[in-house]
Amino acid sequence: MEPAYTPHLNRLMESAGNNFKAKDKEEKKEEKK
Numbered sequence: 001m002e003p004a005y006t007p008h009l010n011r012l013m014e015s016a017g018n019n020f021k022a023k024d025k026e027e028k029k030e031e032k033k
């Protein structure tokens, strides 16, 4: 059984992952210039 906080934790991890991906994309754009 999963703890009750898991869905919330998953959302936090997901948004953190999305922020990281967005940052990574920005850095790659900078490299191309």
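Numbering of the sequence shown is given in UniProt numbering, commencing with residue 1 and proceeding in unit increments.
Even glycine gets a Cβ: it sits at the ideal position worked out from N, Cα and C.
Predicted, not measured: the structure shown is a model, and the values here were computed from it.
Through-space distance from residue j to residue i, alpha-carbon basis
| i | j | result |
| --- | --- | --- |
| E14 | E26 | 18 Å |
| E30 | H8 | 33 Å |
| K23 | G17 | 10 Å |
Within-7 Å CB hit, residue i to chain B
| i | result |
| --- | --- |
| K28 | Included in the structure is just one protein chain, with no chain B present. |
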